[in-house]
Amino acid sequence: MSRKQAMKQYNQLYKRSWPVSDELICQCCGNSTNLEWDHCPAITTAHLFINNKKIKFILVLLCKECNLLLSNLLIPDFPSRFYYVKDELIKKYEKNLINERGENVSDFIDSEFDCSAFSCLLGRISFGLLRFDQLSDNSQIILEKITVSGITVMEHLINSSNGKLIHESNLIEEDEVYHDEDGDLPNLNKEEVPFELVTFLEGNRFSLNGFKLFLHDNYIYTQSGYNRFYDENVIWHDYLPVHPEKFFNCDWNIFLDVFLISDKGSEFSLNILEKYITYDFVERREKLSLFDLEDLLNDLKISTKEEYNELIFALGGRDIIAGIPDEPENFYEDWILW
Ligand SMILES: [Zn+2]
Numbered sequence: 047m048s049r050k051q052a053m054k055q056y057n058q059l060y061k062r063s064w065p066v067s068d069e070l071i072c073q074c075c076g077n078s079t080n081l082e083w084d085h086c087p088a089i090t091t092a093h094l095f096i097n098n099k100k101i102k103f104i105l106v107l108l109c110k111e112c113n114l115l116l117s118n119l120l121i122p123d124f125p126s127r128f129y130y131v132k133d134e135l136i137k138k139y140e141k142n143l144i145n146e147r148g149e150n151v152s153d154f155i156d157s158e159f160d161c162s163a164f165s166c167l168l169g170r171i172s173f174g175l176l177r178f179d180q181l182s183d184n185s186q187i188i189l190e191k192i193t194v195s196g197i198t199v200m201e202h203l204i205n206s207s208n209g210k211l212i213h214e215s216n217l218i219e220e221d222e223v224y225h226d227e228d229g230d231l232p233n234l235n236k237e238e239v240p241f242e243l244v245t246f247l248e249g250n251r252f253s254l255n256g257f258k259l260f261l262h263d264n265y266i267y268t269q270s271g272y273n274r275f276y277d278e279n280v281i282w283h284d285y286l287p288v289h290p291e292k293f294f295n296c297d298w299n300i301f302l303d304v305f306l307i308s309d310k311g312s313e314f315s316l317n318i319l320e321k322y323i324t325y326d327f328v329e330r331r332e333k334l335s336l337f338d339l340e341d342l343l344n345d346l347k348i349s350t351k352e353e354y355n356e357l358i359f360a361l362g363g364r365d366i367i368a369g370i371p372d373e374p375e376n377f378y379e380d381w382i383l384w
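Following this line, the structure appears as structure tokens:
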């Protein structure tokens, strides 16, 4: 769904919220300049959470930099977004954090954001932070590092705490999420599988192909990307395997050859489709030119109307279906293929 459509349909669900401070400051880092309202969850992902009562639709004031760090990520709840931003800031400014005098790091920082000075950074990272154990392992490693003045970044942070601590009840998840003992096999035998997962499942469990499509749709391309996604999306822990390579008994090579499968079992390469029908294309709701469509069909080895209809079936409700017409012979003046 395009951003424009999503705004029209879901924007009225969002209510302004002040989870950390009721001042006009970024709710992730305390910055008071370049403020913007952030949709949480991202407006383009709202449809995924519309039936999830655990997710609150809120507008949160963020500074431009924090907002950019989040962009359209699929992180629906504010606490996870909050910790994600902290992790990203710590990673981005690692060199500045361990060198409080700012020596030899001037080439490292975006000139667009000038809050790289040591004390300013400490303030932004410590702002609202209650639980260091919610930060990623990588962040914790950085915070343990000794700075030029001989104490750890963590000690600096604790000393700099600016008294604007978050209300703990806003940050901590209320419900502990159920987990299997071995933590690996997702429990898909529930009666209610979230509807946004249904298209990826066979019966009550992920097929390998469905899982690949799920990864593709969520822009997950690496194992570490998956781990991150998994950590950040607690609501799906019941459905996603912790170790996909064990669950599916395959290599972590699962991005090669992602196929859409038609009702008659024909396979169409999603990678080929996305080569022609790009995200920009879908956003603009435009159709491919006749020339590009012919190349696409050629690459997909489609030459008859029946095969084309199978492709339409396989595309189902996916966004990229917007890029091609249902009946190309009626859509293009110079159509000659069948
Ligand atoms: Zn911020």
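Each residue of the sequence shown is one higher than the one before, starting from 47 at the first, in our numbering.
Every residue gets a Cβ at the ideal spot worked out from N, C-alpha and C, and that includes glycine.
All values derive from a computational prediction rather than experimental measurement.
Buried or exposed: which applies to Gly363, given that a residue is buried once 16 or more other Cβ atoms fall within 10 Å of its Cβ? When all chains shown are included, Gly363 counts as exposed.
How about Cys86: is its Cβ closer than 7 Å to a heavy atom in ligand 1? Not one heavy atom of ligand 1 sits closer than 7 Å to the Cβ of Cys86.
Would the beta-carbon of Leu45 be found less than 7 Å away from any heavy atom of ligand 1? No answer is possible for residue 45: the residues shown for the chain start at 47 and end at 384.
Excluding the 5 residues preceding and the 5 following Ser117 in the sequence, name in chain order all residues of the same chain whose CB lies nearer than 7 Å to its CB. Nothing meets the Cβ criterion.
Quick check: does the Cβ of Asn299 come within less than 7 Å of any heavy atom belonging to ligand 1? no
Cβ of Phe124 within 8 Å of Cβ of Ile104? Cβ atoms of Phe124 and Ile104: closer than 8 Å.
Any heavy atom of ligand 1 closer than 7 Å to the CB of Cys166? no
Do you know how far the Cα of Lys138 is from the Cα of Leu189? 13 Å
Under 8 Å between C-beta atoms of Ile438 and Ile323: As displayed, the chain neither begins before 47 nor continues past 384, which places residue 438 out of reach and without an answer.
Since Thr350 and Trp381 should fall inside the 8 Å C-beta cutoff, what is the C-beta to C-beta distance between them, to a whole number of angstroms? The Cβ separation is near 14 Å, so there is no contact.
His85 in three-state terms, based on DSSP: Reduced to three states, the DSSP call for His85 is strand.
Is the closest heavy atom of ligand 3 to the C-beta of Glu146 under 7 Å? The ligand content of the structure shown is limited to ligand 1, which means ligand 3 is not among them.
Does the Cβ of Glu82 lie closer than 7 Å to at least one heavy atom of ligand 1? no
Taking just the CA atoms, how far does Gly174 sit from Asp68? 12 Å
What distance in whole Å lies between the Cβ atoms of Thr193 and Ile144, which are believed to be in contact at a cut-off of 8 Å? 5 Å
Assuming contact is defined by CB atoms lying nearer than 8 Å, are Lys100 and Ile281 in contact in what I supplied? Between Lys100 and Ile281, the CB-CB gap stays under 8 Å.
Just to confirm, is the Cβ distance from Ile71 to Asn80 under 8 Å? no
Please classify Ser126: does DSSP put it in a helix, a strand, or coil? Judged by DSSP in its simplified three-state form, Ser126 adopts helix.
Got a sec, what are the start and stop residues for the beta strand (DSSP E) Val106 sits in? Ile104 to Cys109
Any idea what DSSP makes of Arg331, helix, strand or coil? coil
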